[in-house]
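Residue numbers (the numbering used here): 345 to 440. The block underneath contains the structure these notes are about, expressed in C-alpha coordinates.
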(Lines of atoms letter the chains of each structure in order from A; the text may use other names.)
(Lines give C-alpha, C1' and ligand atoms only; values in the text may rest on other atoms or scores of the structure.)
Protein backbone atom coordinates (compact mmCIF):
# COMPACT_ATOMS: atom_id res chain seq x y z
CA UNK A 345 0.00 0.00 0.00
CA UNK A 346 1.12 3.51 -0.64
CA UNK A 347 1.62 6.13 2.05
CA UNK A 348 -1.35 8.08 0.68
CA UNK A 349 -3.63 5.02 0.92
CA UNK A 350 -2.64 4.46 4.54
CA UNK A 351 -3.19 8.13 5.42
CA UNK A 352 -6.59 8.06 3.69
CA UNK A 353 -7.61 4.99 5.67
CA UNK A 354 -6.40 6.55 8.93
CA UNK A 355 -8.53 9.63 8.25
CA UNK A 356 -11.47 7.40 7.28
CA UNK A 357 -11.05 5.58 10.60
CA UNK A 358 -11.42 8.88 12.46
CA UNK A 359 -7.85 9.95 13.12
CA UNK A 360 -7.32 13.69 13.02
CA UNK A 361 -4.21 15.80 13.16
CA UNK A 362 -3.00 15.72 16.76
CA UNK A 363 -5.13 12.73 17.80
CA UNK A 364 -2.10 10.43 17.95
CA UNK A 365 -0.11 13.05 19.88
CA UNK A 366 -3.00 13.40 22.32
CA UNK A 367 -3.09 9.61 22.69
CA UNK A 368 0.23 9.78 24.52
CA UNK A 369 -1.54 11.55 27.36
CA UNK A 370 -4.80 9.58 27.11
CA UNK A 371 -3.95 6.21 25.51
CA UNK A 372 -7.52 4.96 25.35
CA UNK A 373 -8.72 8.00 23.39
CA UNK A 374 -7.68 6.52 20.04
CA UNK A 375 -8.44 2.86 20.66
CA UNK A 376 -11.62 2.95 18.56
CA UNK A 377 -9.83 4.70 15.70
CA UNK A 378 -7.00 2.14 15.83
CA UNK A 379 -9.48 -0.74 15.64
CA UNK A 380 -11.27 0.88 12.69
CA UNK A 381 -7.93 1.60 11.03
CA UNK A 382 -6.78 -2.01 11.46
CA UNK A 383 -10.07 -3.23 9.96
CA UNK A 384 -9.68 -0.88 6.97
CA UNK A 385 -6.10 -2.02 6.34
CA UNK A 386 -7.11 -5.68 6.56
CA UNK A 387 -10.04 -5.13 4.18
CA UNK A 388 -7.81 -3.27 1.70
CA UNK A 389 -5.27 -6.10 1.77
CA UNK A 390 -7.99 -8.74 1.27
CA UNK A 391 -9.39 -6.77 -1.68
CA UNK A 392 -5.93 -6.41 -3.24
CA UNK A 393 -5.24 -10.13 -2.90
CA UNK A 394 -8.68 -11.00 -4.31
CA UNK A 395 -8.12 -8.67 -7.28
CA UNK A 396 -4.72 -10.21 -8.03
CA UNK A 397 -6.13 -13.73 -7.73
CA UNK A 398 -9.04 -12.80 -10.00
CA UNK A 399 -6.68 -11.38 -12.64
CA UNK A 400 -4.57 -14.57 -12.54
CA UNK A 401 -7.61 -16.80 -12.90
CA UNK A 402 -8.98 -14.65 -15.74
CA UNK A 403 -5.63 -14.77 -17.54
CA UNK A 404 -5.42 -18.54 -17.13
CA UNK A 405 -8.96 -18.95 -18.45
CA UNK A 406 -8.27 -16.74 -21.47
CA UNK A 407 -5.07 -18.62 -22.28
CA UNK A 408 -6.82 -21.96 -21.82
CA UNK A 409 -9.71 -21.00 -24.10
CA UNK A 410 -7.31 -19.67 -26.73
CA UNK A 411 -5.32 -22.90 -26.58
CA UNK A 412 -8.48 -25.00 -26.84
CA UNK A 413 -9.76 -22.92 -29.75
CA UNK A 414 -6.48 -23.25 -31.64
CA UNK A 415 -6.43 -27.01 -31.09
CA UNK A 416 -10.11 -27.31 -32.05
CA UNK A 417 -9.45 -25.37 -35.27
CA UNK A 418 -6.49 -27.63 -36.14
CA UNK A 419 -8.57 -30.74 -35.40
CA UNK A 420 -11.47 -29.40 -37.50
CA UNK A 421 -9.31 -28.77 -40.56
CA UNK A 422 -7.57 -32.11 -40.09
CA UNK A 423 -10.88 -34.00 -39.89
CA UNK A 424 -12.70 -31.90 -42.50
CA UNK A 425 -10.05 -30.76 -45.03
CA UNK A 426 -12.70 -29.83 -47.58
CA UNK A 427 -13.74 -26.88 -45.37
CA UNK A 428 -10.40 -25.23 -46.13
CA UNK A 429 -11.54 -25.05 -49.76
CA UNK A 430 -14.50 -22.91 -48.70
CA UNK A 431 -12.15 -20.14 -47.60
CA UNK A 432 -10.40 -20.29 -50.97
CA UNK A 433 -13.76 -20.28 -52.79
CA UNK A 434 -14.98 -17.33 -50.73
CA UNK A 435 -11.81 -15.37 -51.44
CA UNK A 436 -12.12 -16.10 -55.15
CA UNK A 437 -15.80 -15.00 -55.08
CA UNK A 438 -14.76 -11.74 -53.41
CA UNK A 439 -12.33 -11.03 -56.23
CA UNK A 440 -14.79 -11.80 -59.00
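We treat Cβ as the ideally placed atom computed from N, Cα and C, and that holds for glycine.
Supposed close pair residue i, residue j - CB separation, criterion 8 Å
{"i": "residue 381", "j": "residue 357", "result": "4 Å"}
{"i": "residue 359", "j": "residue 375", "result": "Not confirmed; about 12 Å, so no contact."}
Backbone CA spacing between residue i and residue j [nearest angstrom]
{"i": "residue 394", "j": "residue 406", "result": "18 Å"}
{"i": "residue 429", "j": "residue 400", "result": "39 Å"}
{"i": "residue 425", "j": "residue 408", "result": "25 Å"}
{"i": "residue 396", "j": "residue 421", "result": "38 Å"}
{"i": "residue 403", "j": "residue 412", "result": "14 Å"}
{"i": "residue 423", "j": "residue 436", "result": "24 Å"}
{"i": "residue 335", "j": "residue 398", "result": "Residue 335 cannot be examined here, being either before or after the span of the chain that is shown, 345 to 440."}
{"i": "residue 392", "j": "residue 433", "result": "52 Å"}
{"i": "residue 345", "j": "residue 383", "result": "15 Å"}
{"i": "residue 379", "j": "residue 418", "result": "58 Å"}
Residue burial classification, residue i (beta-carbon count within 10 angstroms, cutoff 16)
{"i": "residue 354", "result": "buried"}
Is the region 346-357 in contact with the region 378-390, if contact means three or more CB pairs nearer than 8 Å?
-> yes
Would you list, in sequence order, the uninterrupted beta strand (DSSP E) runs of no fewer than 3 residues that lie entirely inside the region 352-433?
-> none
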